[in-house]
């Protein structure tokens with residue numbers, strides 16, 4: 002039975018996921034747009050904020066590059082580079098300052114050997130094949146009415162859920178580190194800077210929380226169909 006026509010899936014997974022993800026994305030875009038229009042007190046673009054954080058803190062400097070897209074900013078640990086979108090790299094806004102600081106918070110996690118990063122990275126090799134194995138096993142288990150195969154699929158899906166849960170403290174810690182770096186570099190010159198940066202980072206963190214909740218709901222659904230098929 003296709004999952005999308007199952008009333009249980011529709012009401013307890015699909016609808017909550019759409020409402021939660023849609024609401025969080027709207028809130029993130031609204032918050033980012035609001036604080037993108039407010040100039041930070043130092044009038045520094047995201048690119049300049051990054052350079053100042055390297056100059057004024059214990060961070061080891063790494064390249065800051067441009068990347069296309071909106072809210073596509075990220076730290077690439079394999080290339081050891083921070084990539085900033087144009088809306089962040091070129092704008093002297095509170096939002097640009099906050100996003101840059103968050104990405105450099107990730108840089109600090111790697112440079113200081115954060116245990117949170119180590120725990121999450123431990124799962125990365127398994128995640129290369131977990132999604133494919135999970136969905137194939139669950140689908141084949143449903144088609145051939147093989148409950149054990151469904152449970153195997155659930156095991157691999159649970160690895161993805163665990164990774165999503167481990168991502169939460171990693172992202173919250175990067176935001177905490179980012180704000181601390183801004184204070185250490187004396188870039189938060191007034192209450193508006195601090196308040197706006199915190200709001201932007203909180204809105205961004207909610208996207209990871211929504212993703213974790215969605216993955217848990219889907220895992221519980223798969224468990225329910227495995228039990229029903231026994």
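In this note's numbering, the protein residues as written are 2 to 231.
Built from N, CA and C at the ideal position, the CB exists for glycine as well.
{"Asked": "Three-state class that DSSP yields for residue 165 in the structure shown", "Found": "helix"}
{"Asked": "Alpha helix (DSSP H) segment containing residue 207, residue limits", "Found": "192-229"}
{"Asked": "Nearest candidate by alpha-carbon position, reference residue 11, set 140, 215, 227", "Found": "215"}
{"Asked": "Span of the beta strand (DSSP E) around residue 83", "Found": "82-86"}
{"Asked": "Exposure of residue 1, with buried meaning 16 or more beta-carbon neighbours within 10 Å", "Found": "Given that the chain is displayed from residue 2 to residue 231, the structure contains no residue 1 and the question cannot be resolved."}
{"Asked": "Exposure of residue 79, with buried meaning 16 or more beta-carbon neighbours within 10 Å", "Found": "exposed"}
{"Asked": "Residues bridged to residue 94 (per DSSP)", "Found": "40"}
{"Asked": "Given 8 Å, three or more beta-carbon pairs between the stretch 175-183 and the stretch 139-157", "Found": "no"}
{"Asked": "Counterpart residues of residue 77 in DSSP-defined beta bridges", "Found": "82"}
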